[in-house]
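*Asks:* FYI, the numbering for the sequence shown is 0 to 304, going by numbering that gives the first Met the number 0. Idealized CB from N, CA, C, for every residue including glycine.
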Amino acid sequence: MFRELHVDGVKKEIDKYIRESVRTFAEQDIVPKLAVIRAGNDDGQRYYENAIIRQSRVYGIETQSISFSEDVSQALMEVALRAVNEDEGVHGVILLRPFPENIDGERLRTMLNPAKDVDAITDISIAELFVGKEDAFLACTAEACMEIVRYHGIQLAGRRVTVLGRSITVGKPIAMMMLGENATVTICHSGTLEEDTIKACRDADIVVLATGLTQRFGSRYFRDGQIILDVGTGMGDDGKMHGDLDIDEIKESGVISELTYTPVPGGIGRVTTSVLLRNIIKAAGRAAEVQRAKRAGLMSLMEMM
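#1: Take every Cβ of the segment 33-49, pair it with every Cβ of the segment 3-13, and state whether three or more of those distances are shorter than 8 Å.
#2: Secondary structure at A209, three-state DSSP: helix, strand or coil?
#3: Let's test the definition: count the other Cβ atoms within 10 Å of the Cβ of F129 and tell me whether it reaches 16, buried, or not, exposed.
#4: Would the beta-carbon of T140 fall within 8 Å of that of T271?
#5: Any idea if E288 is buried or exposed, counting beta-carbon neighbours within 10 angstroms, 16 or more meaning buried?
#6: What does H241 pair with, by DSSP beta-bridge criteria?
#7: Over the uninterrupted alpha helix (DSSP H) stretch that includes G170, give me the two end residues.
#8: Alpha carbon to alpha carbon, what distance is there between D204 and K179?
#9: Answer yes or no: do T232 and G43 have a C-beta to C-beta separation smaller than 8 Å?
#10: Would you report the Cα separation of T183 and K132, rounded to the nearest angstrom?
#11: Does DSSP classify I125 as helix, strand or coil?
#12: Excluding five sequence neighbours on each side, which residues of the same chain lie with their C-beta closer than 6 Å to the C-beta of I123?
#13: Using only the alpha-carbon positions, how far apart do F67 and I227 sit?
#14: Distance, Cα to Cα, D116 vs V207?
#15: On a Cα-Cα basis, can you pick out the residue from L95, R201 and A135 that is closest to Y47?
#16: Starting from T191, follow the alpha helix (DSSP H) in both directions and report where the run begins and ends.
#17: Take G217 as the anchor and find which of G238, G242, D237 and M234 has the nearest alpha-carbon.
#18: What's the gap between the Cα of H188 and the Cα of I167?
#19: Which of the three DSSP states, helix, strand or coil, is assigned to D28?
#20: Are the CB atoms of G170 and V160 within a distance shorter than 8 Å?
#21: Is it buried or exposed, M0, if we count other Cβ atoms within 10 angstroms and call 16 or more buried?
#22: Taking 7 Å as the limit between beta carbons, can you name the residues of its chain near G235, skipping five residues before and five after?
#23: Measure the alpha-carbon distance for G152 versus D103 and round it to whole angstroms.
#24: May I have a chain-ordered list of the beta strand (DSSP E) segments no shorter than 3 residues that lie completely inside the segment 16-94?
#25: Per DSSP, I186 is paired with what?
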């Protein structure tokens, strides 16, 4: 039996919190705002960006979309990032990756204001994840996976988890999060031998696919009874959006008869967008606290004069 892990329930819970928070902010004349910076025309990036804009409008979160062509200069990207870093009206910034080859993405990452790092890519955010700091910004896609796992009551302690991919936005953080739940985690990547990747996948109870290789992983990578969390989003040969999992090949192969997986589209991506908006709420709340503290300090100073 093939079973999809539906996300409507977990998304509904997160969205309720977002809606209530935006309403509270409105009473304080605060409008949470996100800036999205993108270069090039990657299908997955555009799909995610459009989802962000649509969802933001639903809940009254303002978005600023800053998009550049594939041949954009490093200098122009840095100017755009500095502008939103310094804009007090912008509470969160997300840099959509991968960047074009001529762009130094590492420099942009280190330039990002940690207070606005709603996708948890700065050194401070990564360190806070590693030490398990409460209320830290967490990588949105990785946290979306965890929200789905928790919602469906999937046990992680003592389970074998294989993560395919080692990006700082998905592979590494999801591995750390699952390790924090006492799972035994293996990471495979582009440098892992193919036969080792296949073995690691087949040995696992849970497999996280986060490679960006559309419909790359078929029946030879899996066995009956596994749970597959498919993070990938890309355009397939049929012109439709697919994940890293080739579920059609798996069903047609007859090799596997029982598998639980997240669909693409309509799976982890939907929850990722909600987690991002929740992080913007968190960033806006922190910014409001800073402004209140500044005003309180100014009032105290004036009283002393």
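*Replies:* According to the data block:
#1: no
#2: coil
#3: exposed
#4: yes
#5: exposed
#6: G233
#7: G170 to G179
#8: One point to set straight first is that residue 179 is Gly, not Lys, in the sequence displayed. Roughly 17 Å between the two C-alpha positions.
#9: yes
#10: 21 Å
#11: helix
#12: P113
#13: 34 Å
#14: 24 Å
#15: L95
#16: Careful: T191 lies outside any alpha helix (DSSP H) and carries neither H nor E.
#17: G242
#18: 13 Å
#19: coil
#20: no
#21: exposed
#22: T213, Q214 and H241
#23: 41 Å
#24: 32-38, 61-67 and 91-94
#25: V162
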